[in-house]
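First to last, the sequence lines map onto chains Z and V.
With my numbering, letter number 118 in the first sequence gets 113, and the count goes up by one each step, no holes.
With my numbering, letter number 177 in the second sequence gets 172, and the count goes up by one each step, no holes.
Each residue gets a CB set at the ideal place from its N, CA and C atoms; glycine is no exception.
Worksheet for the structure shown next.
There are 2 protein chains.
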Amino acid sequence: MSYILQHRPLCLASSSPRRKELLQKFNLAFDCYSPQIDEIRKKKEQAESFVKRMAIEKARKVQQSCLNLAKDVIVLAGDTIVFFNGQILGKPKTANHAKSMLRQLNGNLHSVLSGYSILDSASGNEITDVVCTRVKFQKIPLDLLEWYVSTGEPMGKSGAYSIQGQGLILVESIVGSYNNVVGFPIENIISHMSDNGWISYSKKT
Amino acid sequence: MSYILQHRPLCLASSSPRRKELLQKFNLAFDCYSPQIDEIRKKKEQAESFVKRMAIEKARKVQQSCLNLAKDVIVLAGDTIVFFNGQILGKPKTANHAKSMLRQLNGNLHSVLSGYSILDSASGNEITDVVCTRVKFQKIPLDLLEWYVSTGEPMGKSGAYSIQGQGLILVESIVGSYNNVVGFPIENIISHMSDNGWISYSKKT
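Now the structure itself:
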């Protein structure tokens, strides 16, 4: 039995190679645009609200500003933050900054929050949600943290690590969705798209 | 700052491509042998004991039968089972078998147990352990399960799914180590090897 993949035109409003790879696993064809938005948290804005707002703004920005998109395109955006001790840990600016972030996380539990937005350009409907995964770091000796920073992998990564790279050595266990930590909860996103008929696998006749 | 990777000769007693990939992430050089052992659970043998015994037997078999290995080789073996409702779900024999396994797991919680053994040929010391990850499946519509089986991915996989492939769509959340479900808990294995000085990253002078 073989199947044909059908789906609405798809656009990923993100430049994250991890999110691209997650979509590519399902053989989905998509355009990719990197939206420019102000990623500044409002005063007293909850982490969940912030990450959701970022995803919504990214999707809308791409849908409104990319004029060559199909009229019925589905725009997909995500935003991920690492949240520890009431603080958002962004992307490290220097190797020392990365080391200091990793020292904070070392041996402790933190949250990874991914907001996502799936925007149907044809109807204007948006599906948005936030998913939280709890991540427990091992107690890592400082020389191993130094080695990890020297690999360069922490740069450009929220919280200064990549769970699917050599950074896996830092992680003892997780509770929740693994893909949520990688980029976004692709399992939920595919389910929503499937429930709405935006993606389907039909039997070949 | 750059580092030099040094490690004892290493041999992976497994033919699993997933386990190979996990080791390759750390740029480790290793030989690879697939041991032939009887993978039969003894009467009343606990799942944990079984999977640990399998890992130990695989490591010993390779260490004893592969005559061209270095005398100080570290042999690494792993065995993974999917455990649901008191039963071990092995590798599916046919597509229908895969479908029936996935129907059992659908919407439910199961355990993935990986036993591993790290055998130091020079001293005869063995480090062995079993790690358990709890995996919760989404409630997947039957046509999606059928599509998943049609991809061929379930064949050759314990429990008929691959968490790092398109099978990720089945999984709602996990509790524990993700790599444990992929192949073995590489984070623990690297930590043990590092603690014992079998692997080290030294600063370049």
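### Message
Mapping the DSSP letters down to three states, classify V170 (chain V) as helix, strand or coil.
### Response
strand
#### Entry: Cut-off 8 Å between Cβ atoms - residues of its own chain near I32 (chain V), not counting five sequence neighbours on either side
M49, E52, K53 and K56
### Task
Look at the Cβ atom of L84 (chain Z), then the Cβ atom of F132 (chain Z), and state whether they are nearer than 8 Å.
no
### Task
Kindly indicate if chain Z contains any beta-carbon less than 8 Å away from that of W142 (chain V).
yes
### Query
When DSSP labels each residue in this structure, what does G154 (chain V) get in the three-state scheme?
helix
### Query
So with Cβ pairs under 8 Å, would you call S116 (chain V) a contact of chain Z?
no
### Task
Check whether the Cβ of I154 (chain Z) lies closer than 8 Å to any Cβ atom in chain V.
The question names Ile, but residue 154 (chain Z) in the sequence shown is Gly. Answer no: the Cβ-Cβ gap between G154 (chain Z) and chain V never drops below 8 Å.
### Task
Give a yes or no on whether the minimum CB-CB distance between N101 (chain V) and chain Z is below 8 Å.
no
### Message
Distance check for Q19 (chain Z) and K37 (chain Z), CA to CA, integer angstroms please.
### Response
34 Å
### Query
Based on the DSSP secondary-structure assignment, which residues constitute the bridge partners of H187 (chain Z)?
H187 (chain Z) is not bridged to any residue.
### Task
Output yes if chain V places a C-beta closer than 8 Å to the C-beta of L23 (chain Z); else output no.
no
### Query
Which residues bound the beta strand (DSSP E) around Q161 (chain V)?
Careful: Q161 (chain V) lies outside any beta strand (DSSP E) and carries neither H nor E.
### Query
Hey, how far is the Cα of K94 (chain Z) from the Cα of F179 (chain Z)?
25 Å
### Message
Looking only at its chain, what residues have a beta carbon closer than 6 Å to the beta carbon of C27 (chain V), apart from the 5 residues adjacent to it on each side?
### Response
L7
### Message
With H, G and I counted as helix, E and B as strand and the rest as coil, what does DSSP make of V68 (chain Z)?
### Response
coil
### Extent of the continuous alpha helix (DSSP H) run through I58 (chain V)
Correcting the residue type first, residue 58 (chain V) is Gln in the shown sequence and not Ile. Unbroken alpha helix (DSSP H) run through Q58 (chain V): A42 to S60.
### Task
Check whether the Cβ atoms of E182 (chain Z) and I164 (chain V) lie closer than 8 Å to each other.
yes
#### Entry: Bridge partner(s) assigned by DSSP for I76 (chain Z)
Z:L108
### Query
If you check the beta carbons only, do A117 (chain Z) and D67 (chain Z) fall under 8 Å apart?
yes
### Task
Kindly give me the distance between the Cβ atoms of F123 (chain Z) and K47 (chain Z), rounded to whole angstroms, as I take these residues to be in contact under 8 Å.
Per the sequence shown, residue 123 (chain Z) should be read as Thr rather than Phe. Rounded, the Cβ-Cβ distance is 6 Å, consistent with contact.
### Query
Between L97 (chain Z) and the rest of its own chain, which residues show a CB-CB distance below 6 Å, the 5 nearest in sequence each way excluded?
L140 and A155
### Message
In the DSSP output, which residue or residues are listed as bridge partners for F25 (chain V)?
### Response
Bridge partners of F25 (chain V): none, in fact.
### Task
Give a yes or no on whether the minimum CB-CB distance between Y196 (chain V) and chain C is below 8 Å.
The structure shown contains no chain C; its protein chains are Z and V.
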